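Asks:
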Amino acid sequence: MTSLPRMNIIVAVDDCGGIGRNGKLPWRLPQEMARFSKLTSTTVDRRKINAVIMGRKVWQSIPAKFRPLKNRLNVVLSRTMETVADENVVLARSFENATKMLQSMEDIETIWNIGGREVYSLGLQSPILHQANLFFKNTVSSFRLSLLKQVTKFLQLYITRVEGDFSADVFFPSLNYIRFTKDESSEMHTENGINYRYEIYTIKTNDVSIS
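According to our numbering, the sequence shown is numbered sequentially starting from 572.
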């Protein structure tokens, strides 16, 4: 269990579940982006780094001057992209291959799934979660309690709720929130006339495996 990296999902959604429009974010929220950068790049163990896993369209939506996202291993899922000449960028042909690769890397602390829709959907069905579920079920009761906190932190959702309908053409996958516990809900923030708040959810221990 200790060899498996944590995997979090981070996303900003509008009131309709929209996450993108015309290949870009439908809003401009610099402070929210700064939080995204800090969360996805900060590690507890300074000897390790985090990985951000994304689809090709998300990669291409990032302005060239900001690619790759610094201080993180950038894993791009694509069947068509050619190799990127940067040591901080890795191409993977499937989500499964990407997660297997990241699990084998001892210097990866947390995997951050940053989209888009299909990658989010795959993350919610990740083999990592199934492995955690099997491990937990097969662990003797006396040992389960000591692992409870670690297992429940195995998947967290970091959601920015953006008020309004931004006419998005890409949407976050439907999610059964009964399977999650809301850990945090921030006060309202406002940037460029747009209101938003932060929420953090943790998957429940008895529902680690998502189908």
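Yeah, the Cβ is synthetic: ideal placement off N, Cα and C, and Gly gets one too. None of these values were measured; they are calculated from a predicted model.
For F751, which residues from the same chain have a beta carbon less than 6 Å from its beta carbon, with the 5 sequence-adjacent residues on both sides left out?
Replies: Y772, I774, listed in sequence order.
Asks: Cutting at 6 Å between CB atoms, please list the residues of its own chain near G694, excluding the five before and the five after it.
Replies: Cβ within range, chain order: I580, N684.
Asks: Roughly how far, in whole angstroms, is the beta-carbon of I620 from the beta-carbon of E680, given that I think they are within contact range, below 8 Å?
Replies: Sure, about 7 Å apart at Cβ, within 8 Å.
Asks: With distances taken from CA atoms, which of S738, V741, D736, E755 is nearest Q727?
Replies: Checking every option, the nearest Cα to that of Q727 belongs to E755.
Asks: From this set, Y748, T731, S745, which residue's C-alpha is nearest T761's C-alpha?
Replies: If we check each option's Cα against that of T761, T731 comes out closest.
Asks: Is M578 helix, strand or coil by DSSP?
Replies: M578: strand per DSSP, three-state reduction.
Asks: Alpha carbon to alpha carbon, what distance is there between D678 and R592?
Replies: Their Cα atoms are separated by approximately 35 Å.
Asks: Would you call the stretch 764-771 and the stretch 609-618 in contact, with 3 or more CB pairs under 8 Å?
Replies: The stretch 764-771 vs the stretch 609-618: no contact.
Asks: In the stretch 649-677, which residue ranges form an unbroken alpha helix (DSSP H) of at least 4 residues, counting only runs that do not cross its ends?
Replies: Taking only runs of at least 4 residues, the alpha helix (DSSP H) segments lying wholly in the stretch 649-677 are 666-674.
Asks: Do you know whose CA, among A635, N668, L662, S757, lies nearest Y729's CA?
Replies: Checking every option, the nearest Cα to that of Y729 belongs to S757.
Asks: Skipping 5 residues on each side, what residues in its chain have a beta carbon closer than 8 Å to that of V690?
Replies: These residues qualify, in order along the chain: I624, M625, G626, V629, L648, F666, N684.
Asks: How about P576 and Q696: are their beta carbons less than 8 Å apart?
Replies: Not closer than 8 Å, so no.
Asks: Is the stretch 657-665 close to the stretch 633-649, with three or more CB pairs under 8 Å?
Replies: At 8 Å Cβ cutoff, the stretches touch.
Asks: Could you name the residues of the same chain whose beta carbon sits closer than 7 Å to that of V711, not counting the 5 residues immediately before and after it, in chain order?
Replies: Model confidence at V711 stands at a pLDDT of 47, short of 50, so the residue's coordinates are unreliable; what they give is reported in the following sentence. Contacts found: none.
Asks: Do G594 and S632 count as a contact pair if the criterion is CB distance below 8 Å?
Replies: Against a cut-off of 8 Å, the Cβ pair of G594 and S632 comes out as a contact.
Asks: Output needed for P597: all residues of its chain with C-beta closer than 6 Å, excluding positions within five of it in sequence on either side, in chain order.
Replies: Around P597: F737, A739.
Asks: Let's see if you can read the secondary structure: which residues bound the beta strand (DSSP E) around G589?
Replies: Run containing G589: 589-591, per the beta strand (DSSP E) assignment.
Asks: For I682, is the classification buried or exposed, using 16 other Cβ atoms within 10 angstroms of its Cβ as the cut-off for buried?
Replies: With 16 or more other Cβ atoms within 10 Å, it is buried.
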